[in-house]
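I have placed the structure first, in the form of structure tokens, so that the comments after it can refer back to it.
Residue numbers (the numbering used here), protein chains in the order written: chain A, 631 to 744; chain B, 80 to 189.
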């Protein structure tokens, strides 16, 4: 069964450092998403991406965040200067689009900012 | 009003019980509706999509009432393996922005 793959599974970084979280969406999917979930809290939408551009973003997704699809398979989330409050689980998801809007999630990257 | 609001839970039920989850959403323009389940420290996994006509998948039945902006999930004959957090998820037009409810935790006990 096709799946969304995320790496690394756990990322530890120092406050102020840049991190890049990587995702390989399901190969024929067209829509890509990033979410975060702070421990014990709900899943929060960050950004959606389609046709090589951001479709929508939440108020959480400020100038410290960026997304990129550098090649035909990877979809990345960059946090430029991490803060303690960025510590969370980050989930990538993809959907087929064109009427197929079910999102399939990766296993997540746990980001710990020290 | 929260964009997607769910019963706070937790629900503690014995095996074999029927349990119902409720969810309301605030954006009347929402177009897509789902129930996901999330096990502890795992990713959300789709349980079922929700349609106005209602849909059923084995022991699970989902209903959507657009007029009331209300979504429900019914689980019949609960199993121990149903223990999880159930997430109500609502998408806007085109599905570009998806909002998750806070989830309702279910504990099924032997």
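Each residue gets a CB set at the ideal place from its N, CA and C atoms; glycine is no exception. A quick note: this is a predicted structure, and the numbers were derived from the prediction, not measured.
- If you look at residue 698 of chain A, you'll find it in the beta strand (DSSP E) that goes 695 to 698.
- Per the Cβ contact rule, the region 631 to 645 of chain A is not in contact with the region 683 to 690 of chain A (fewer than 3 Cβ pairs under 8 Å).
- Under the DSSP assignment, residue 732 of chain A falls outside any beta strand (DSSP E); it carries neither an H nor an E label.
- Between residue 83 of chain B and residue 167 of chain B a beta carbon distance of about 6 Å is seen, short of the 8 Å cut, so the two are scored as contacting.
- Rounded to the nearest whole angstrom, the CA to CA distance from residue 696 of chain A to residue 156 of chain B is 45 Å.
- 110, 111, 113, 115, 117, 120, 121, 122, 123, 124, 125, 128: these are the residues of the region 95 to 128 of chain B whose beta carbon lies less than 9 Å from some beta carbon of chain A, given in chain order.
- Secondary-structure assignment with DSSP links residue 640 of chain A through a beta bridge to A:740.
- At a cut-off of 8 Å between beta carbons, residue 150 of chain B makes no contact with chain A.
- In the displayed model, residue 674 of chain A falls within a strand according to three-state DSSP.
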